[in-house]
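Below: one structure, written as structure tokens.
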Amino acid sequence: MEISVDTKRKSLEFCFQGSDMHIFIEGDEIRIAEAITYEVAIGEQFAKLQLAIKGGKVYLVTPFGRNEVSNPENLIQGVKQILDGIKESHKELYEEMIKILG
């Protein structure tokens, strides 16, 4: 899997089944969201449904509220596997994200 890193925005980007996915730091948590583009150039937008990870817990963030995911192990493990791909090349970002993961 090819991973693009934007250290200024503290963000990773990769393709999943034709969708542009982002893992990024927002405040004190990690967010996972699909980037959505429109035919009119309005800049990059993220989907309104996002996953938030903090301290070993995962939450689904929606327009209807924030709900904890009951079995987040595979989500956290998947993020760690992606982060392993930047461990050597972007050590500072890697360490910051691992710390937030808990």
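Each position in the sequence shown, counted from 1, maps to that position plus 49 in the working numbering. Where is the CB? At the ideal position from N, CA and C, for every residue including glycine.
Checklist line | Distance, Tyr-87 Cα to Gly-145 Cα | finding: By 1-based counting over the sequence shown, the position of residue 145 is 96. By 1-based counting over the sequence shown, the position of residue 87 is 38. With the sequence shown as reference, residue 145 is identified as Glu, and Gly is not the correct amino acid for it. Cα-Cα distance, rounded: 32 Å.
Check: What are the start and end residues of the alpha helix (DSSP H) that includes Asp-133?
Finding: Numbered from its first residue, the sequence shown carries residue 133 at position 84. Looking at the DSSP string, the run of the alpha helix (DSSP H) that includes Asp-133 is 122-133.
Check: What did DSSP end up calling Lys-97 once you bin it into helix, strand or coil?
Finding: Position 48 of the sequence shown, counted from the first residue, corresponds to residue 97. When DSSP states are grouped into helix, strand and coil, Lys-97 belongs to the coil group.
Check: Between which two residues does the beta strand (DSSP E) carrying Met-70 extend?
Finding: Here the question's residue 70 lines up with position 21 in the sequence shown. Note, Met-70: beta strand (DSSP E), 68-75.
Notebook entry, point to check: What are the partner residues of Leu-142, as DSSP defines its beta bridges?
Noted result: The count along the sequence shown starts at 1 and reaches residue 142 at position 93. DSSP output for Leu-142 lists no bridge partner at all.
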